[in-house]
Every structure is written in C-alpha cells, then in structure tokens.
Amino acid sequence: MLLEINQITRHFGGLCALAGVSFGVESGSVHGLIGPNGAGKTTLINILSGITPATSGSLRLGDLQIETFPAHKVAALGVARTFQNIRLFPALTCLENVIAGQHLVAPRPLLPRLMCLPAARRQEEAYQKQSLEILVRVGLGDRADLPAQHLSYGERRRLEIARALASRPRLLLLDEPVAGMRRQEMMGVAELIRSLASEGMTILLIEHNMAFVMELCSRITVLNFGSVITTGGPSEVGIHPEVIEAYLGKTDHYA
Amino acid sequence: MAQLTYFFAVYGSLVNFIGINALLALSLYVTLSAGQLSLGNAAFAGIGGYTAGILTTQFGFPYSLSLLAGSLAAALVGFLLGLPVLRLRGVFLAIATLSFGEVVRIAAINLKITGGAEGLMGMPTHTKTGFIYLVIIGVCYFLAKLRYSKAGWSFESIREDETAAAAMGINTTYYKTLAFTIGAFIAGLAGAMYAHLSYIITPGEFGFSAAVNLLIYCIVGGSRVWVGPVLGAALLTALPEILRGTGITAGPIRMFVNGLILLIVILFLPNGLVSLFQRCRTVDAGVLAGAEIEEK
Chain A
2 MLLEINQITR
12 HFGGLCALAG
22 VSFGVESGSV
32 HGLIGPNGAG
42 KTTLINILSG
52 ITPATSGSLR
62 LGDLQIETFP
72 AHKVAALGVA
82 RTFQNIRLFP
92 ALTCLENVIA
102 GQHLVAPRPL
112 LPRLMCLPAA
122 RRQEEAYQKQ
132 SLEILVRVGL
142 GDRADLPAQH
152 LSYGERRRLE
162 IARALASRPR
172 LLLLDEPVAG
182 MRRQEMMGVA
192 ELIRSLASEG
202 MTILLIEHNM
212 AFVMELCSRI
222 TVLNFGSVIT
232 TGGPSEVGIH
242 PEVIEAYLGK
252 TDHYA
Chain B
396 MAQLTYFFAV
406 YGSLVNFIGI
416 NALLALSLYV
426 TLSAGQLSLG
436 NAAFAGIGGY
446 TAGILTTQFG
456 FPYSLSLLAG
466 SLAAALVGFL
476 LGLPVLRLRG
486 VFLAIATLSF
496 GEVVRIAAIN
506 LKITGGAEGL
516 MGMPTHTKTG
526 FIYLVIIGVC
536 YFLAKLRYSK
546 AGWSFESIRE
556 DETAAAAMGI
566 NTTYYKTLAF
576 TIGAFIAGLA
586 GAMYAHLSYI
596 ITPGEFGFSA
606 AVNLLIYCIV
616 GGSRVWVGPV
626 LGAALLTALP
636 EILRGTGITA
646 GPIRMFVNGL
656 ILLIVILFLP
666 NGLVSLFQRC
676 RTVDAGVLAG
686 AEIEEK
C-alpha cells in the first residue's frame, strides 16, 4: 500500500463532508474515486494533498503519517495533484507553467546565475528541455510559448497534468482530469494515464465519466454522503446494489 | 560637454531623485512579483534613512557602513513584520502595511533621536549621481537573475495562484517573507542613500502619499518585469519638469495629468508601459524549434 486512508472525517461547521472514510491505494495502481455530486470526493483529495486539514483520522503515505503536514510538505513527499476548477498560472506560458512545476526537482540556485557560470546555463537548458518533453508528452508541444489563459478547456486540463508531472511525483491525484473533454481528447488522456501507470506511478483519480473509470481503473472506491460504499475491482463495483442505488435511486421507492 | 555640464547644473537633482524613486519602485516590484501588495515600502525607506542618518551624524559611521546598516535594519524590520502580516491577503495586507507605515511616521515625529517633526539633518551629502545609477544597475541585474532562479519562479507561482503553488511544493510562507525582506532591504538602501543626498529627512517624506506614489510608479511602468518600475518612476518623477517645459506650471494641472496618465494606463495597458516595448520571453528559440521537430 502506498497510501492508507484511515477513518478520515471532515466537518464544515454543521456539515459532515466525510464521515470516517477508510481505504488504501496500492502502489502502481490506477485507483478510481467515484460517487454522486457532494459525496466528498474533492474534499478527500484536498485532505490528501494537505490543502484542507482533516477533522480527525490518519493518513499514511509509505511509512509516514502525513495527516498534519501542510501542502508543500506533502508535495515534497512526491504527491502532485490537479484541481477540479483548473488552477493554472494564467499569465505564464505553457512552458513556464511546467517550469514553475519543477520547483521540487530543479534547484536553480541564484549564485551561479549571478556569476553567469556556463554550468548554470547548461543546467537551465536541461531543465527547460525536460519541461518541453513533458509538454510534448501531454500533446502541448506546439503550445509551449502560448499563455495558459489562451488555451482551450481540454488543453488547460492537460497542461495542469503536465505541471503536476514536472515534479516527478510517485502519487498523482487527478480531480476530474477529463471533465469537459471531447471523446478523442479523453482517449489521449486515458492513454497518458496508462503509460504513467506502466512506469510505476500511482494514480488516484476522481471522474464522473463511468466508461472512462471502468476501463482505466484497477480498483474503484465509491463514496456517497461522505462514507465509503465499497472498494473493489470495476466489475464488482458495477453490479454492487448500493452503488446502483446511490446513482439511480431505489426501484421500489414508491412501492 | 558644456551643454552636459549645464544640463546637470539645472537638472542634476532631478536625475538624482529619479534614481532614488526608481530604486524605491524596484523595492516594491520585488514584493509585487510575489503577489503581495505592500504599502510599507516607504516606511522601510524611512527606517533605512533614519538608521543611516543617525549612524553618520551621531555615531560617526562611514558612509558605506551606514548604508549597509540602514538596509539591514529595514530588512530585519521587514522580516519581523512579514511573519505575522503575510498571512493576510490582498487588500488586508495593504491595510496592515499601511498602518505599519503610519506607526513608523508617528514614531519618527515623536522620538528625540530622529529629530522629531523638524526632521533629521546634518547628513554629509555623500550620495553621488554615478553611485545611485551604479546601484540601480546592480539591483536590476540581481532582480533579472533572481526572476529565473528557484525563488523567482516561486514568487511568480505564488502571485498567480497561491493554493496551486503550495500544492506544487512551494513553501509559500517562506517565499512570501523572502520577497518582503528583499523588498525592505532595497527600500532601506534607497532611503539611506536619500538621507545622504538631501542633507535633511523629515517624517512626512516617508508617509502615505510616498507609499502610494511607489505603487503608481509600478502600475504605470508595469510590475511584471524590472524595467517597468524604473520606467514608471522616471516618467512620473520627470513629469513636472516636462510639463514646465510645455508651459504648464500650475500645481493642480500637474495632479490632473498624473491622474490622467494613471487612468489611461490602467484602461489600455493593464501590464504597464513596458508592454508597449517588449514581450517577455523566457525560452530559447532553439529549444522551441527542437519541440516542433520532435512532434513531426
């Protein structure tokens, strides 16, 4: 298990967004997190990435307890994420967005730059080349010099993934990576996620598109009203009566 | 050559003031580049100016050492102030730094050692034009290199989106405090140089209107690249003289033209006057060409 979520609870005033959520994410797996709107999926991702503190419960990443860590410390342990309401750096170009994402892996010290050392310049070229390779990988190589605010919706989502990849994470949290994408674009992202997983990266993703989740994820956790209904493989989850009830309602409701 | 001597005899002090104002604007630029709206930089200049002035007049410090001490004092106060107030965002930070500025101004009026409301006087006028511009070149070089270092990218990220920056592993408290402290250092340096330029400094010079003027320099010139604040400071400091040259001497009209320029820039050039001249490029054309080839 790379990530163990244990009895995570989160209250917002009187609202209980998460009520004791527990499940594990296996190393190297693509794990889906699904559930109706308001089930607490994004809250959980925010807690995992240290942006929102949990009211109670514990998180274990590798062999560290991380539930009290602030966001930048969680990130330093190799957790990168994207946001449901895209949070790019709009005024920066695509390449600059990815360069900014290299914060944890590229030291870029000031002193050699002040002295104009050729080594610093070579190093910078190498970093920029890495950034560009990531852009090419998500299919935005020809957009490198374009400000992020000029991108289409789907391209913004892919750029956010690129920025997250720039820190070479071992756990990637994707909050609705293909929301609002055309089918072809979606296939591209699915292909990208598969290739990342095949390189050993662990991916936890939230998505409403069931076909996408069922095809891509080896494990799926279903949340409803802040609690886990079930965790299992796609085939088990798809026929689980409570899951069907959560999504479609009870058939004998009016009987 | 004779003409140049004449120019300096007439406009020498203007050239000096442009330099000092440009330095002050650069100090605010650093803070702004990390997305933090500070109205405390005039007060940091005051701290630098008074520290350096007191050290030279009352303790017989040499010029260079007072400059250093003034800058460091401002940086230290900036650091200590930054720790609590940088938790505030946007306009709330502006209000907090503004009140800090008032505290400094009122302290300078009421303390004995600062000379009270009459100001501190008797500083030897050691600051020369050449030195001012040498410092500006040095600061600009430093800021240009800082921009593409790890700290510079962190500032950019925080300005663009603080939550996303934190999720990328940027310790936002650390880098915001760093930007604030560097800004305070440069402001303190400018203040210390100013104290040794004008023989006398008074508390009113580092008050609210000075703080707002710095912000206007950055807005008019542009706060995205270091050229902007220098340009804005130069233009707006020279404006009264330019207007005098065109025959407009009345005070209110000067304020009107100032306001008009600010309005036009905000409406039509949201990134400041620099956006007229250049588009900021960070990437080698060669690297980009490489990408196109790879994709084919």
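Protein sequences appear in the order of chains A and B.
Numbering-wise, my numbering comes out as the position in the first sequence, counting from 1, plus 1.
Numbering-wise, my numbering comes out as the position in the second sequence, counting from 1, plus 395.
The beta carbon of each residue, even a glycine, is placed where N, CA and C say it ideally should be.
First and last residue of the alpha helix (DSSP H) that includes residue 550 of chain B?
Where residue 550 of chain B is concerned, the enclosing alpha helix (DSSP H) stretches over 545-555.
Rank B/607, B/412 and B/496 by C-alpha distance to the C-alpha of residue 438 of chain B and give the top, closest one.
The candidate whose alpha carbon is nearest that of residue 438 of chain B is B/496.
Taking DSSP's pairing of strands, which residues face residue 24 of chain A in a bridge?
In the DSSP output, where bridge partners are listed per residue, residue 24 of chain A has A/6.
Helix, strand or coil: how does DSSP classify residue 232 of chain A here?
Reduced to three states, the DSSP call for residue 232 of chain A is strand.
Since residue 565 of chain B meets chain A, which of its residues come closer than 7 Å, beta carbon to beta carbon?
Those within 7 Å of residue 565 of chain B in chain A are 73 and 104.
Would residue 537 of chain B pass as an interface residue toward chain A - the criterion being a Cβ-Cβ separation below 8 Å?
At least one chain A Cβ lies under 8 Å of residue 537 of chain B.
Which residues, in chain order, does the stretch 596-609 of chain B contribute to contact with chain A at a C-beta distance below 7 Å?
So nothing in the stretch comes that close.
Can you tell me whether DSSP reads residue 683 of chain B as helix, strand or coil?
Residue confidence is low: residue 683 of chain B scores 49 on pLDDT, short of 50, so the model does not pin down where it sits. No coordinate-derived value is stated.
Use the C-beta contact count for residue 185 of chain A: other C-beta atoms within 10 angstroms, 16 or more gives buried, fewer gives exposed.
Burial call: exposed.
Residue 13 of chain A CB to nearest chain B CB: under 8 Å?
For residue 13 of chain A, the answer is no, since every Cβ of chain B falls outside 8 Å of its Cβ.
Can you give me the Cβ contacts of residue 576 of chain B inside the same chain, cut-off strictly under 7 Å, excluding the 5 residues immediately before and after it?
Excluding sequence neighbours, residue 576 of chain B sits near 470, 473, 474 and 477.
Excluding the 5 residues flanking residue 690 of chain B on each side, which residues of the same chain have their C-beta closer than 6 Å to its C-beta?
Model confidence at residue 690 of chain B stands at a pLDDT of 44, short of 50, so the residue's coordinates are unreliable and nothing is read from them.
Taking only beta-carbon atoms, is residue 558 of chain B less than 8 Å away from chain A?
It does: the Cβ of residue 558 of chain B has a partner Cβ on chain A nearer than 8 Å.
Please name the residue, chosen from B/457, B/524 and B/431, that lies closest to residue 493 of chain B on a Cα-to-Cα basis.
Among B/457, B/524 and B/431, the Cα nearest to that of residue 493 of chain B is on B/431.
What whole-angstrom Cβ distance do residue 514 of chain B and residue 595 of chain B have, given they're in contact under 8 Å?
About 5 Å separates the two Cβ atoms, so the contact holds.
Consult DSSP for residue 82 of chain A and reduce its assignment to one of helix, strand or coil.
Looking at residue 82 of chain A - three-state DSSP - the assignment turns out to be strand.
Say whether chain B places a C-beta atom closer than 8 Å to the C-beta of residue 91 of chain A.
Cβ-Cβ to chain B under 8 Å: yes for residue 91 of chain A.
What are the start and end residues of the beta strand (DSSP E) that includes residue 14 of chain A?
That residue, residue 14 of chain A, is in no beta strand (DSSP E); it is neither H nor E in DSSP.
I want to verify the contact list: residues of chain B whose CB lies under 7 Å from the CB of residue 108 of chain A, in sequence order.
Ordered by position in chain B, the residues that pass the 7 Å Cβ test against residue 108 of chain A are 545.
Mind checking which residues open and close the alpha helix (DSSP H) that includes residue 73 of chain A?
Looking at the DSSP string, the run of the alpha helix (DSSP H) that includes residue 73 of chain A is 72-77.
Decide if residue 123 of chain A is buried, meaning its Cβ has at least 16 other Cβ atoms within 10 Å, or exposed.
Classification of residue 123 of chain A: exposed, given that the 10 Å Cβ count is below 16.
Residue 138 of chain A lies in the alpha helix (DSSP H); which residues open and close that run?
Where residue 138 of chain A is concerned, the enclosing alpha helix (DSSP H) stretches over 119-138.
Would you please state the rounded distance, in angstroms, between the beta carbons of residue 436 of chain B and residue 582 of chain B? I believe it to be under 8 Å.
Right, the Cβ-Cβ distance comes to about 4 Å (below 8 Å), so this counts as a contact.
According to DSSP, simplified to helix, strand and coil, what is residue 661 of chain B?
Reduced to three states, the DSSP call for residue 661 of chain B is helix.
Should the stretch 583-592 of chain B be called in touch with the stretch 442-461 of chain B, which here means at least 3 C-beta pairs below 8 Å?
Counting Cβ pairs under 8 Å, three or more are found: they touch.
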